[in-house]
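K.L.:
Next up is a structure, given as C-alpha cells.
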Amino acid sequence: MAKIVVDVMLKPEILDPQGQAVGAALPRLGFTFATSVRQGKRFEIEIEGEATPAILAEVSKAAETLLANPVIESFNVSVEN
Amino acid sequence: MAKIVVDVMLKPEILDPQGQAVGAALPRLGFTFATSVRQGKRFEIEIEGEATPAILAEVSKAAETLLANPVIESFNVSVEN
Amino acid sequence: MKIGVVTFPGSLDDRDAARAVRAVGAEAIALWHGDSDLHGVDAVILPGGFSYGDYLRCGAISRFAPVMSSIIEKAKSGMPLLGICNGFQVLCESHLLPGALTRNHALHFLCSDQTLKIENNSTAWTSDYEIGQEIVIPLKNGEGSFQCDDGTLARLEGEGLVVARYVGENPNGSRNLIAGITNARGNIVGLMPHPEHAIDPLTGPSAGGLGFFTSIMSQLVSK
Amino acid sequence: MSLDTVDIAGTTPERVQPFAELGLKPDEYQRIREILGRRPTSSELAMYSVMWSEHCSYKSSKVHLRQFGDKAPKSEALLVGIGENAGVVDVGQGYAVTFKIESHNHPSFVEPYQGAATGVGGIVRDILTMGARPIAVMDPLRFGAADAPDTRRVLTGIVAGIGGYGNCLGLPNIGGEVVFDETYAGNPLVNALCVGVMRHDQIKLAKASGAGNLVVLFGAKTGGDGIGGVSVLASETFGAGGSTKRPSVQVGDPFTEKVLIECSLEIFAEDLVVGIQDLGGAGLSCATSELASAGTGGMRVALDDVPLRDPSLSPEEILMSESQERMCAIVEPSKIARFLEICKKWDVTATVIGEVTDGVRLVITWHGQTIVDVPPRTVAHEGPVYSRPFSKPDYVDRVNAEKLTIPMPKTAAEVRSAVLQLMSSPNMADKSWVTSQYDKYVQGNTIQSQPEDSGMVRIDETTQLGIAISTDANAPWSYLNPYEGAKLALAEAARNIATAGAKPLAVTNCLNFGSPEDPGVMWQFAETVRGLADGCLEMGLPVTGGNVSFYNQTGDVAILPTPVIGVLGVIQDVRTRTPMAFDRPGLDLYLLGETRNDLAGSEWAYMHHQRGGIAPQSDLQHEMRLIDALLEGQSIFEAAHDLSQGGLAASLSEMALRHNIGATVLLEGEIAVELLSETPGRVVVAIDKGDAHALQSIAQKYDIAITKIGVTGGTTLSINDAEIALDDLRSAFVDTIPRLFG
Ligand SMILES: Nc1ncnc2c1ncn2[C@@H]1O[C@H](COP(=O)(O)OP(=O)(O)O)[C@@H](O)[C@H]1O
Ligand SMILES: [Mg+2]
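Protein chains in written order, with the numbering used here: chain A, 277 to 357; chain B, 277 to 357; chain C, 14 to 236; chain D, 460 to 1201.
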C-alpha cells in the first residue's frame, strides 16, 4: 500500500481570490509573516501495492484530465512515505 | 525568500464527499489505481527571508486558528525548497 | 425591542433578516462588522451570505471581525443569538456551537423548499413552535452538511440540543438530519435553512419561518 | 524593454507592426495611420485593435442594428435608449428599471465555470454602471446534444459558474432556458441577463465632462487576464524574451464584485460621480475612450498609476487587460475625499489615474512619456463599418420544401406514450437539477421564478409594484425562417409576461450567430434584425439594448440562428399575479387561441430528427389582442400558462405536475395536432366555473377564440381516452436531467 499525493495549484498568472482572501485576513489577526498566499488542492490517493513508474504515469494522466484543469491549473505528483 | 506549505486535510473520521466523488469518477474514466481518495487544501505561503523555527511556529499558530478548523481538520506545515 | 443584524462584507440576507425583525414589531439595528459597539441591542442575528466570499471555509474569516468579539462575550452571558446559514457557520467557527458545516454531499449549491421538524421549543428562538411541528422554509447553501464526531453527536442528541431536523430525504448529508442546534442555555441557535425567507407566502414558500421572530419577541417582552 | 512613445512613432514610420496578429485588416491599419497622421504606437495599436474588434465595434452588425432606432416605436417609457451600457425604462412611481442581456459564449466553452461566472459578473456591472441596484439575473443557455460526451463537462461547469457567481452576489436567479441541440456542441451559448432598479434622478451615464474632474479606477487590481492576443504585440515589439505567458482565461472574484456593488451604491447615493463606466471587454481602452468621447472630449491618464496585480505587465497589456471587478468613475475634485473614504470603508482599492482636460484628445502617459495621443471618438465610435454581403443560403428552400415524416399518435396507448416520451426528452424535462443550484429567494422580493412562464420581482414593498421578465428564443423556427423566428420569439416573451399579469414595456436581445463572413449566416442575421425591428414597431415595444455574438461555429457548421429576446413588463400589484398552475380541483380549463398544424420546428419533430417544413407565420395583431385579454382577465384567472415548446401536451403536463393536481381533457380534431402542434399565440387558463361568462365576454371583446378543454382534479392527466397517472408523468419528467448530469 502506498500513498500518492497530487497537488494542484492555480498557475501563477491566474487570479487566486481564495489565496488573496487568506493573505488579507492573516495580518488582521496579527500574522505578518506572509508576502503572498496561494491556495490550491491536495489529493491523497491510496493505492494497493507499490507506486511504480507505470502507476505514477497513470496518476499524472488522471491529474491532467480530471484532478486539474490545465487551462488554469498546474499539478505535481509525489509519493508520500 | 522561502516558501512554506500548509496542508489541510479532513480528519479521517469526517465524511469527505469531494474525495469520494473523485474516487468514484476515476474508474469511470478508466483509472483503476485508487483504493481511496481524500481531498484537502494546500496553502503556499511566501515569506521574506528564512523559514526560521520562530516563523514556523507562527505559521502553525495561524494554521490552527485560521487555515484549518481543528474540529474537523488536521494540518501539516512544511518548508519547500 | 432592538434586534441587531450584522453585516459582514459579503453578507446577503441581512436585509431580509431585518425585514423579518420589523415584521414582528421589533426594531432592526444594523451592526457593522468593523464596529465592536452593539448599540444596546437585546438580541443579535448573524445573517446568511458569503462573508468574505467564504473563500477559506464558510465563516472562518468573519469569526475574527471586531463585532464578533462583543457578540461572543454577550452571548456567553445569555444574550439571544441566532445564526442563519452563513451565521450558523460563523457560530461553529467561533466555537459557540459544536461541530462544523461542510460541503453538501452532492457537491453543489442547493436552493429548495425544505420541510423541517422542530425538535426543541425551549430555546429563545423557537418557543412559539410546538415540538414536532413541521414547517417549510428555504434551504440555500453550498456547505450545509452538519458534521461532528460521535461523542459530540451523542451529547447533542442526549441533551436535546437539536433544534430542527430535515424531514424526508437528507438534502446535504448532515449527520442525523440535523438542520439546527442550540447551546445548553438555549440562547444561541444555529440554523441552516432560512426562516427570514418564509415570513410571507408571497415571497417565500410559506410563513412558517415567522415563529423564530415571534418567539424572540415574546422572550424579550416577557423578560 | 524599450517603450514605444508618440515621439518615437513620429520618427520611425517604417517600423513593422503586428496588426494582423491583433486581428486588424491591412486597410484598417492604414486608416489608423491616416487618423493619427503617423504610425500608431504599440499602445495605440493595442487600443484600436481591441476596440475595433467585432465584439467591441459591432462592425458587421451596425448597419443592421440601426433599424432598431429607425423603426423605433414611440415610447414614453424609454428614459435611456440604445448606446449606453443598458437601456432604462420608466415603470412608474418614480422608479426606473434597467436590464440587458450579454453573451459569454466562447470563454464558457474554454473554461465553463469561469466563463459563465465572469459572464454574470460583466452584465451585473453594466447594470450597476447605470446607477441601479441589481435585483435579479436570468440565464438563457444552449448546449450540444444532452448525451454528447462533452456536454456534461460544459453544462455542469456553466451551471456551477452561474450559480457560484450570482449566488455570492446575492442576486436571485428568476429564470432562463436550458436547450440542447447538436449545433451547440463546441459552441455553448451562455447569455446572462441582469435587471436593476433605481429612482429616476439616480440614472448615471458614461461620460467624462468638466475639465479638472478626476478619473478614478476602483475595484480589483489589474492583472494579465484575458489579453491572449496582445502578448503577441508585447513580444513582437519588445524583442525576444520580453513577454511572459498571459492567461486568456479570466477568473471571477464574486466577493470583490459584491463589495464593489455596495460601495458603488453608497457612492451613488451621495451623488459623488459625474460619470461612470464599468471595465468589461477591452478594459481600460474601452472605459477611457468611451468616457472621453461621450464627454467634452479630452482626458489625460497616467497609466503607471494603475494598481497592478502582476507588476510585469507592459503598458499595452494594462490597456487591454480584461481583469474583472473594476470600475472607472469621473469625480469632481471637491468630492474625491468622500469618494475615497467610502472605498476605504468597503476595503475597495481606488486610485486617481488621471483627469478630464479641456482638450479634445485622449492622452496616456507612462512614467511621464506620452504613449497614446488620439481623438477618443476614433477609438470608441468611429471604427470600421462593414456592409457584409449576405444572401439567402441554399438550405432554406430545401428544408422549407421538406415534408415531415413523424409519428402521429392516434390510439390511447400511442397518446400516452407520446406524452411520456415528450416530457422525458431533455429539452422538455424538468430543469430543477439546474435551477436548484441558484438562489431564487435572496433579497426577499422574488414573486415568481422557475418554473413559471416569467420571472417576477417586487420593487416596492409598500405599493407592491413589480416587474416581470421573460427571455425566449426559438432557434428551430429561426433556422426555417429567421424573419418570422425573431417575431415569434418576441411574441412569446411578451406573452410569457402577460400570462402572469404584467404589461410588456420594453425589449432587450442577444443575437447569437455563426460567422458574419459567411453570407448565409449574415442573411440569417439581417433577417432576424429586420423581423425583430418590425415586430417591436408593430407591438409598440422599444428595443433598449442588446448584444451580438458572432463566430459561434465549429469549422463551417454554424449554430442555429439563436436570437434570445428578453421582454420586461410592469405589474402594479404583485399580489394579483397569475401563477402558471392550478392548485385545486374543480376549475375549468380553457384554451385561448387556435391550434393549427404547426409541427415544423416543433420539439416533437426535433425528437424525431426532423428539422424541415415551414415555420408558423406570426400574427402580432392577434398576440397584442391576446395580451390585452390576458391583462383584462387577470382577476378571473386562477392559472395561466403559455403554450410553446411541446405544445398543449407539455403545458398541461407542467400545470398538473406543479401542485400534483390532475386534469381531464377532451379534445376534438386530430389528437396529434391538438397535443403536439406549437401554433403560437395560445395560452391555457384555469377559471372558476362561475367566471365562464366573464371569460367569454373578454374573448369576444378582443376577438380571441376560446375552447373549453377540460376540468382540473384527480391523480391522472386524462386526455380523451388516454390516462396518464401523475406519478408516471412525474418520473418521466424529473428523472432525465439528473440521470444525465447528476
Ligand atoms: N438556465 C436557467 N436558469 C434559470 N431558470 C431556468 C433556466 N432554464 C429554465 N429555467 C426556468 O425553467 C422554467 C421552464 O423552462 P422552459 O421550459 O424553457 O420554459 P418555457 O416553456 O416557458 O419556455 C422557466 O421558469 C425558466 O425560466
Ligand atoms: Mg416560455
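Where is the CB? At the ideal position from N, CA and C, for every residue including glycine.
Quick check on T816(D): does DSSP put it in helix, strand or coil?
P.N.:
T816(D) falls in the strand class under three-state DSSP.
K.L.:
So which residues on chain D does G203(C) lean against when the C-beta distance must stay under 8 Å?
P.N.:
Result: empty, since nearest Cβ-Cβ is about 19 Å, beyond 8 Å.
K.L.:
Counting only beta-carbon atoms, is L291(A) nearer than 8 Å to chain B?
P.N.:
Output row for L291(A): interface = no.
K.L.:
Are the beta-carbon atoms of A670(D) and I735(D) separated by less than 8 Å?
P.N.:
No, the pair does not count as a contact, with Cβ atoms beyond the cut-off.
K.L.:
So within the stretch 60-138 of chain C, which uninterrupted beta strand (DSSP E) runs reach at least 3 residues, ignoring any that extend past its ends?
P.N.:
Those beta strand (DSSP E) runs which fall completely within the stretch 60-138 of chain C and span 3+ residues are 94-97, 113-115 and 123-131.
K.L.:
Is there contact here, the stretch 1053-1069 of chain D with the stretch 1130-1145 of chain D, by at least three beta-carbon pairs under 8 Å?
P.N.:
The answer is yes - the stretch 1130-1145 of chain D touches the stretch 1053-1069 of chain D, with three or more Cβ pairs under 8 Å.
K.L.:
So, at 7 Å on beta carbons, what are the nonlocal neighbours of D856(D) in its own chain, with the 5 sequence-adjacent residues on each side left out?
P.N.:
Result list for D856(D): empty, nothing under 7 Å.
K.L.:
So is F319(B) in contact with chain A if we call contact Cβ pairs under 8 Å?
P.N.:
Cβ-Cβ to chain A under 8 Å: yes for F319(B).
K.L.:
Can you name, in chain order, every residue of its own chain whose Cβ lies under 8 Å from the Cβ of L947(D), other than the five neighbours on each side?
P.N.:
For L947(D), where only same-chain residues beyond five positions count, the Cβ hits under 8 Å are N933, W936, A1074, P1075, S1077 and P1139.
K.L.:
Restricting to runs no shorter than 3 residues, where is the beta strand (DSSP E) found entirely within the stretch 1030-1069 of chain D?
P.N.:
For the stretch 1030-1069 of chain D, whole beta strand (DSSP E) runs of length 3 or above, ordered along the chain, are 1047-1051.
K.L.:
Grab the span of the beta strand (DSSP E) containing P963(D) for me, first residue to last.
P.N.:
That run of the beta strand (DSSP E) goes K962 to N971.
K.L.:
Taking K364(A) as the reference, which of P303(B), A327(B), G295(B) and L302(B) has the closest Cα?
P.N.:
Any property of residue 364(A) remains undetermined from this structure, which presents chain A solely from 277 to 357.
K.L.:
What do you get for E334(A), buried or exposed, if any count of 16 or more other CB atoms within 10 angstroms of its CB means buried?
P.N.:
Buried: at least 16 other Cβ atoms inside 10 Å.
K.L.:
What are the boundary residues of the alpha helix (DSSP H) that D1180(D) is part of?
P.N.:
No alpha helix (DSSP H) contains D1180(D), which DSSP labels as neither H nor E.
K.L.:
Among H1068(D), G990(D) and D1047(D), whose alpha-carbon lies nearest the alpha-carbon of T410(D)?
P.N.:
Absent from the structure is residue 410(D), since the part of chain D shown begins at 460 and ends at 1201.
K.L.:
By a C-beta neighbour count over all protein chains shown, 10 Å radius and 16 as the cutoff for buried, is T500(D) buried or exposed?
P.N.:
Buried, by the Cβ-count rule.
K.L.:
Could you tell me if M277(B) is buried or exposed, where buried requires 16 or more neighbouring beta carbons within 10 angstroms of its beta carbon?
P.N.:
So M277(B) ends up on the exposed side.
K.L.:
When DSSP labels each residue in this structure, what does W825(D) get in the three-state scheme?
P.N.:
DSSP places W825(D) in strand when its eight states are reduced to three.
K.L.:
Kindly indicate which three-state DSSP category E561(D) falls into: helix, strand or coil?
P.N.:
Looking at E561(D) - three-state DSSP - the assignment turns out to be strand.
K.L.:
Using the three-state DSSP reduction, which class does P647(D) fall into: helix, strand or coil?
P.N.:
Three-state result, P647(D): coil.
K.L.:
Could you list which residues in chain A have their beta carbon closer than 8 Å to that of F63(C), in chain order?
P.N.:
Ordered by position in chain A, no residue passes the 8 Å Cβ test against F63(C), which lies about 11 Å from the chain.
K.L.:
Taking any Cβ of chain C, which residues in the stretch 297-328 of chain A have a Cβ under 8 Å from it, in chain order?
P.N.:
Cβ contacts with chain C: A297, V298, A301, R304, L305 and Q315.
K.L.:
Are I148(C) and H207(C) close, meaning C-beta to C-beta below 8 Å?
P.N.:
In this structure, H207(C) does not lie closer than 8 Å to I148(C) by Cβ.
K.L.:
Where are the beta strand (DSSP E) runs, 3 residues long or more, that stay fully inside the stretch 968-1005 of chain D, in chain order?
P.N.:
None, since the stretch 968-1005 of chain D contains no complete beta strand (DSSP E) of that length.
K.L.:
Looking at the unbroken alpha helix (DSSP H) that takes in G944(D), where does it start and where does it end?
P.N.:
Run containing G944(D): P941 to T958, per the alpha helix (DSSP H) assignment.
K.L.:
Which same chain residues, not among the five before or five after R612(D), have their C-beta less than 8 Å away from its C-beta?
P.N.:
P571.
K.L.:
Starting from the beta carbon of L284(A), find every residue of chain D whose beta carbon is closer than 8 Å, and list them in chain order.
P.N.:
Looking at the sequence provided, one finds Val at residue 284(A) rather than Leu. Per Cβ cutoff of 8 Å: no residues; V284(A) is ~14 Å from chain D at best.
K.L.:
Below 7 Å on C-beta distance, what does H210(C) contact in chain D?
P.N.:
Correct list: Y900 and G903.
K.L.:
Are three or more beta carbon pairs between the stretch 111-121 of chain C and the stretch 321-339 of chain A nearer than 8 Å?
P.N.:
Contact between the stretch 111-121 of chain C and the stretch 321-339 of chain A is absent, because fewer than three Cβ pairs lie under 8 Å.
K.L.:
Compare the C-alpha of W982(D) against each of L495(D), K803(D) and H523(D) and name the closest.
P.N.:
Minimum Cα distance to W982(D) is reached at H523(D).
K.L.:
Can D598(D) and A545(D) be called in contact, C-beta distance under 8 Å?
P.N.:
Contact flag unset, no.
K.L.:
Roughly how many whole angstroms lie between the Cα atoms of E289(A) and Q315(A)?
P.N.:
Their backbone Cα atoms lie some 14 Å apart in a straight line.
K.L.:
Where does the unbroken beta strand (DSSP E) through K317(A) begin, and where does it stop?
P.N.:
K317(A) -> beta strand (DSSP E) spans A310 to I323.
K.L.:
What are the boundary residues of the beta strand (DSSP E) that G574(D) is part of?
P.N.:
G574(D) -> not in any beta strand (DSSP E); alpha helix (DSSP H) instead, spanning P571 to T588.
K.L.:
Which whole-angstrom value describes the C-beta separation of T810(D) and D764(D), a residue pair presumed to lie in contact below a C-beta threshold of 8 Å?
P.N.:
With a Cβ gap of about 6 Å, T810(D) and D764(D) count as contacting.
K.L.:
Beta-carbon within less than 6 Å of S411(D)'s beta-carbon, same chain only, minus the 5 sequence neighbours each way: which residues are those?
P.N.:
Any answer about residue 411(D) is impossible in this case: the structure gives chain D only from 460 up to 1201.
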